[in-house]
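In our numbering, the protein residues as written are 3 to 185. Presented below is the structure to which this report refers.
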Amino acid sequence: EFPGYAIGGLSIGEPKKVTLAMIEETVALLPKNKPRYLMGVGSPEDIIEAVARGIDMFDSALPTRVARNGALFTWQGRRNIGNAAYSQMEQPIVPGCDCYACRNFSAAYLHHLFGCDELLAYRLATIHNLSFISELMRKIRDAIQDGTFLSFKDNFLSNYQPADEQIRLSQKQKWLKRRNLSP
């Protein structure tokens with residue numbers, strides 16, 4: 003008997019439906035009274051789906067990796083801060099967000115920093131994405147505690163537009179190939 007269980011080897015290029023099915027199969031074999039940790043899953047929609055299937059903990063480089071490419075998490079989905087629409091947006095990327103980036107800088111300023119390849123851009127985007135994931139997990143815990151997780155999940159997923167699956171898989175294959183990990 004172990005103090006907890008880690009699930010790895012998923013989310014490395016297979017379709018999300020396969021990942022979710024494997025999570026369900028694996029979690030069904032694990033004790034319910036021990037923490038279940040899923041390695042390498044870090045998108046907001048995947049976290050919500052994994053929690054719904056019994057996962058307790060996560061780690062992933064995804065929030066920092068996409069931040070370096072100008073993708074910022076919002077409650078509606080990822081937003082590319084490099085898009086021209088953000089060049090004049092004087093509000094933060096997520097109004098009401100309590101992270102350092104949103105409290106102190108406008109989306110227009112972040113857009114400018116990314117346009118100049120300023121190192122501060124990557125730091126602020128990373129701070130924002132990690133803060134977003136932390137806030138998402140807080141809301142998930144609160145919903146579980148309140149017995150409202152399923153409605154929270156449904157509401158979140160109805161408002162959150164995930165990254166396009168084909169683009170996600172293509173980007174993942176390029177990433178694996180650069181690291182000589184592709185099959």
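Glycine residues also receive a C-beta, built at the ideal position from the N, C-alpha and C atoms. Since this is a predicted model, take the numbers as computed values, not measurements.
Remark: fewer than three beta-carbon pairs, one from each stretch, lie closer than 8 angstroms, so the segment 105 to 124 and the segment 5 to 24 are not flagged as touching.
When C-alpha distances from SER45 are compared across ARG81, ASN182, LYS179, the shortest belongs to ARG81.
Counting only the Cα atoms, ASP148 lies some 44 angstroms from LYS179. For ASP119, there is no enclosing alpha helix (DSSP H), as DSSP gives it neither H nor E. With contacts defined as CB atoms closer than 7 angstroms, ILE142 and VAL43 fail to qualify as a contacting pair.
In this chain, the beta strand (DSSP E) harbouring LEU74 covers 73 to 76. If you draw a 10 Å sphere on the C-beta of ARG181, you find fewer than 16 other C-beta atoms in it, and that means exposed. If you compare the alpha carbons of ILE146, ASN85, MET139 with that of PHE116, the shortest gap goes to ASN85.
The Cβ atoms of ALA103 and LEU126 lie closer than 7 angstroms to each other. Nearest neighbour of TYR162 by Cα position, chosen from ILE49, VAL20, ALA23, turns out to be ILE49. ASN161 sits in a helix when the DSSP states are folded into three classes.
In this structure MET41 is in contact with ILE9, their Cβ atoms being roughly 7 angstroms apart against a cut-off of 8 angstroms. Around the CB of THR21, 16 or more other CB atoms lie within 10 Å, so the residue is classed as buried.
Under the three-state reduction of DSSP, ALA30 is assigned to helix.
Put simply, the backbone Cα of GLU137 is about 25 angstroms away from that of LYS19. DSSP places ASN106 in the uninterrupted alpha helix (DSSP H) bounded by 102 to 106. Here the C-alpha atom of ARG55 lies approximately 22 angstroms from the C-alpha atom of ASP166. Rounded to the nearest whole angstrom, the CA to CA distance from GLU47 to GLN175 is 20 angstroms.
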